[in-house]
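Asks: Taken in order, these protein sequences are the chains called A and B. For the first sequence, the residue numbers in this note's numbering are 6 to 123. For the second sequence, the residue numbers in this note's numbering are 2 to 108.
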Amino acid sequence: EVQLQQSGPELVKPGASMKISCKASGYSFTGYTMNWVKQSHGKNLEWIGLINPYNGGTSYNQKFKGKATLTVDKSSSTAYMELLSLTSEDSAVYYCARRATPYAMDYWGQGTSVTVSS
Amino acid sequence: DIQMTQSPSSLSASLGGKVTITCKASQDINKYIAWYQHKPGKGPRLLIHYTSTLQPGIPSRFSGSGSGRDYSFSISNLEPEDIATYYCLQYDNLLLTFGAGTKLELK
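In C-alpha cells:
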C-alpha cells in the first residue's frame, strides 16, 4: 500500500526556518517525483515544486524560489521541504504528493500544518 | 502560468442527485486535467486524470469530459460520503496549477 506520512504540526516564530518530512512507503521511492503543495486559508492550492529522488534534480514554482528548498534521503525514502525566513504568509497546510510524469499526482500525504506566530 | 477558472465555488445538492463542476483553462491544456476530492484533515484524493480516466477503485458515478480549454466533472447519484471540496488540476504545463475549488454541500 502506497503511503506518504508527513511530520506533525509546527508552530514557529517569524524569521525562523523549519523542515517538513514526508516518508514514503509501499513503492519504489526513486521511481516517482515528489511534489509539494501549499494550501492557504483552507482552500487555495499552489504547487511549490518537485524533486526527483533518483538524481536529486529539482524544479520550483518561481513564486517559491528562495522560500522552499527540497531534498531527499534515498536511504530512508524520505523527502524534505525546508521553509526559510518564515512570515505569517507562510502559515498554511503543506502536502507532499508523488507523481509519475506525465501523469497527475496520485498519492498525497495527510498534510502538515504550519503556523507562524510570535 | 496557466490559470484555471473553476465554478461554482460552492453548490448544494440532494442525495441521489447530480452535480457538475467546470474548469476553464487560460490556454489549451491538451486534456491534461485531473480532478481531486478533498476532505478536512486528509490529503486530496485523485478521482480522474487525463480528463476522463477514472482512478482504480473510483466508482463510475464520477465522470469527466472536455477538451481544449473547457472541462467538466460530474457526480451522479450523490451519496453522503461525496460531501467534500473538489479541485481541478492542469498538468500540461511544468508549472502545475489548480482551480480555486468547489465546496459541495447537502441540500
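Built from N, CA and C at the ideal position, the CB exists for glycine as well.
Measuring CA to CA, which of Pro41(B), Gly18(B), Thr52(B) and Cys24(B) is closest to Tyr108(A)?
Replies: On the first sequence, position 103 is the one that residue 108(A) refers to. Per the Cα distances, Thr52(B).
Asks: Which runs of the alpha helix (DSSP H) at least 4 residues long sit entirely within the region 85 to 121 of chain A? Give them in chain order.
Replies: Runs of the alpha helix (DSSP H) inside the region 85 to 121 of chain A: none found.
Asks: Closer than 9 Å by beta-carbon distance: list the chain B residues that pair up with Asn49(A), in chain order.
Replies: Taking the first sequence and counting its residues from 1, one reaches residue 49(A) at position 44. Near Asn49(A) (Cβ distances below 9 Å), the residues of chain B are Phe99, Ala101 and Gly102.
Asks: Name, please, each residue of chain A whose Cβ falls closer than 8 Å to the Cβ of Ala85(B).
Replies: Along the second sequence, read from residue 1 onward, the residue named residue 85(B) stands at position 84. Correct list: empty, because the minimum Cβ distance to chain A is about 12 Å.
Asks: Mind checking Pro14(A): buried by the 16 CB within 10 Å criterion, or exposed?
Replies: Stepping through the first sequence from its first residue, residue 14(A) is reached at position 9. That one is exposed.
Asks: Give the range of the beta strand (DSSP E) segment to which Val77(A) is assigned.
Replies: Within the first sequence, the letter at position 72 stands for residue 77(A). Residues Ala73 to Asp78.
Asks: Would you report the Cα separation of Lys48(A) and Asp83(B), rounded to the nearest angstrom?
Replies: What you label residue 48(A) is simply residue 43 of the first sequence in a count that begins at 1. What you label residue 83(B) is simply residue 82 of the second sequence in a count that begins at 1. Lys48(A) and Asp83(B): Cα-Cα distance of roughly 17 Å.
Asks: Of the residues that make up the region 47 to 75 of chain A, which ones have a beta carbon closer than 7 Å to any beta carbon in chain B?
Replies: From the region 47 to 75 of chain A, only Lys48, Asn49, Leu50, Trp52, Ser64 and Asn66 have a Cβ closer than 7 Å to chain B.
Asks: Between Ala29(A) and chain B, is the shortest Cβ-Cβ distance under 8 Å, so that the two count as touching?
Replies: In the first sequence, residue 29(A) corresponds to position 24, counting from 1. By this cut-off, Ala29(A) is not an interface position.
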